[in-house]
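Numbering (this note's numbering), first residue to last: 16 to 603.
Contents: one structure, followed by commentary.
Here it is in structure tokens:
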């Protein structure tokens, strides 16, 4: 091993540790690795920032924008309108929702497709009296399975396609992934719908009527001047509470929290932290003389012209890492925040000290009957009360025609895919399907930075020959194994990595290694590269491997350990199906 190879291994190992630790966001980790390879001189100076102009990066950004245009046109919503009669049985309910999100995510962003279907799943769960936990994990997994089918279904596919140019005359085409991805997606969905869903703990609270009950919310209340609790003891307050309400803490004058003793007196203006669902406590609050305290200090949550709505912090929300003050500073005047729920771990402390995370559920106040752009501006996904947005026939047809035209231009070779999609975006803006203010809003900028920074890091592996060294080590270790076993091993390793770090980063790391393995064996690198593509879309074991898993964790009421129950058998099924299909479609 040379000194340069040792450096590249060290930087890669550091990046993997930081990715897995979650201490820094994945784009920051990628930038750290980029600076490291630059300082180490492992990439030529004029190539350090070349990743940000790479066709794969431009294509991913364009796909995200086109995906939002398709969603806003109502294309998916029209399909969703027809699911009602098909949800009578549990198997049919899971199969139709998972199938639709898989179909949608094969042509649009995974998270975008899931965001459209999430309120539908919650609403139909209530209608059919089924636990949301039964539906939401299959929905998240379906969004990832659907991404395997086409080139634009998920960023790793675009990355894998671009790497093929390093040894072949052309990249993988739009539907080259379908030879393996489509059967794997269909069999995966059938496995989930026909019995896999039984592995999900269905007693979890989540969604619709159940999601916000009992102790899920940490709320702050103030004792009113004329409250019957004034001059009484804390013990009296506890005895007057309903079974689904509990005192979490009391607030001192200096803002510190402590656990109150039963003998302590209660005065007007005292603040308490309760663990409860505020959405159905109007009668209780009125009787006890309590009021909700919002982030602005007001307590008017139950005025007649106001309503309480719930929304999830989406994976691209600019609120992530910030608190309620940032939310209220950027929100319209008619919005207020009253509570935050983080499933699986009650949020302690005062409301204004909370730092938002992906999947947090917010209880918001707004004027009844008024529409607002608030959720989309701040990356919030409204829950069941949101009606589906239906585009008119002309709008829907036009949006789909432009999208199909872009696909046709790229398939015929008249335009590169990135350019074809950029042309589609221009048309969407010109004819008004995509508002100009939304043009850059739906691009997942951390992913774009991740891709732009990690491409030169991957190049450093190739420049130093580190990828070939890894490949030769794997081949030597598994030298007695047949090629199909090495492909299976590569697939499983990629699955394990993508369960703890971003799937795009996984593809960028594993792609050059897979090509080097194929070349070291004197075989066609295509099946090895395709194994990485499939593995990078299988983040089924943890809620942190893919944004779709994180997004359903709160509404589904899942714990961290719930994912592997269905995810591990599903990954085994995918491996058993994918390996022979890869070898059939892409012979050695």
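The beta carbon of each residue, even a glycine, is placed where N, CA and C say it ideally should be.
When the alpha-carbon of residue 553 is set against those of 456, 43, 509, 472, the nearest one is in 509.
Within the same chain, 120, 125, 168, 169, 552 come within 6 Å of residue 162 by CB-CB distance, once the 5 residues on both sides are set aside.
Boundaries for residue 588: no beta strand (DSSP E) harbours it, while the alpha helix (DSSP H) harbouring it runs 578-600, taken from the DSSP string.
Apart from sequence neighbours up to five positions away, the residues of its chain that approach residue 564 with a beta-carbon distance below 6 Å are 155, 558, ordered along the chain.
By the Cβ-count criterion, residue 599 is exposed, with fewer than 16 other Cβ atoms from all chains shown falling within 10 Å of its own Cβ.
A buried status is given to residue 541, since no fewer than 16 other beta-carbon atoms sit within 10 Å of its beta-carbon. Sequence-distant Cβ neighbours of residue 442 in its own chain, meaning closer than 7 Å and more than five residues away, are 417. Sequence-distant Cβ neighbours of residue 479 in its own chain, meaning closer than 8 Å and more than five residues away, are 17, 19, 20, 22, 23, 57. In this structure, residue 238 places its C-beta atom within 8 Å of the C-beta atom of residue 283.
Every candidate beta strand (DSSP E) stretch fails here, since none sits fully inside the region 496-572 while reaching 3 residues. Taking C-alpha positions only, residue 436 is separated from residue 68 by approximately 16 Å.
For residue 137, the enclosing alpha helix (DSSP H) starts and ends at 125-142. Distance between residue 336 and residue 330, taken at the CA atoms: about 11 Å. Between the alpha carbons of residue 204 and residue 34 lies a distance of about 29 Å. In the same chain as residue 257, and ignoring 5 residues on each side of it, the C-beta atoms closer than 7 Å to its own belong to 299, in chain order.
Under the 8 Å Cβ criterion, the region 565-572 does not count as touching the region 524-532, having fewer than three qualifying pairs.
Between residue 286 and residue 308, the C-beta spacing is below 8 Å. Taking 8 Å as the upper bound for CB-CB distance, residue 466 and residue 519 are in contact here, some 6 Å apart.
Across the structure, residue 39 and residue 544 are spaced so that their CA atoms are roughly 29 Å apart. Under the three-state reduction of DSSP output, residue 290 falls in the strand class. In the three-state reduction of the DSSP assignment, residue 454 falls in the coil class. The Cβ atoms of residue 548 and residue 215 lie no closer than 8 Å to each other. Per DSSP, the continuous beta strand (DSSP E) segment holding residue 306 begins and ends at 305-307.
Contact between residue 305 and residue 242 is confirmed by a C-beta separation of about 7 Å, below the 8 Å threshold. With contacts defined by Cβ atoms closer than 8 Å, residue 88 and residue 448 form a contacting pair. Between the alpha carbons of residue 483 and residue 27 lies a distance of about 15 Å.
Distance between residue 589 and residue 426, taken at the CA atoms: about 28 Å. Between residue 334 and residue 352, the C-beta gap is not smaller than 8 Å, which leaves the two residues out of contact. A straight-line Cα-Cα distance of about 15 Å links residue 594 and residue 201. Judged by their CB atoms, residue 249 and residue 276 are nearer to each other than the 8 Å cut-off. CA-CA distance, residue 63 to residue 212, rounds to 46 Å. For residue 513 and residue 301, the gap between their C-alpha atoms comes out near 50 Å.
By the neighbour-count criterion, in which a residue is buried when 16 or more other Cβ atoms sit within 10 angstroms of its Cβ, residue 235 is buried. Closest in C-alpha terms to residue 207, from the list 129, 59, 415, 580, comes 580. With respect to the 8 Å criterion, residue 597 and residue 546 are classified as neighbours on the basis of their beta carbons.
Residue environment for residue 268: exposed (fewer than 16 other C-beta atoms within 10 angstroms of its C-beta).
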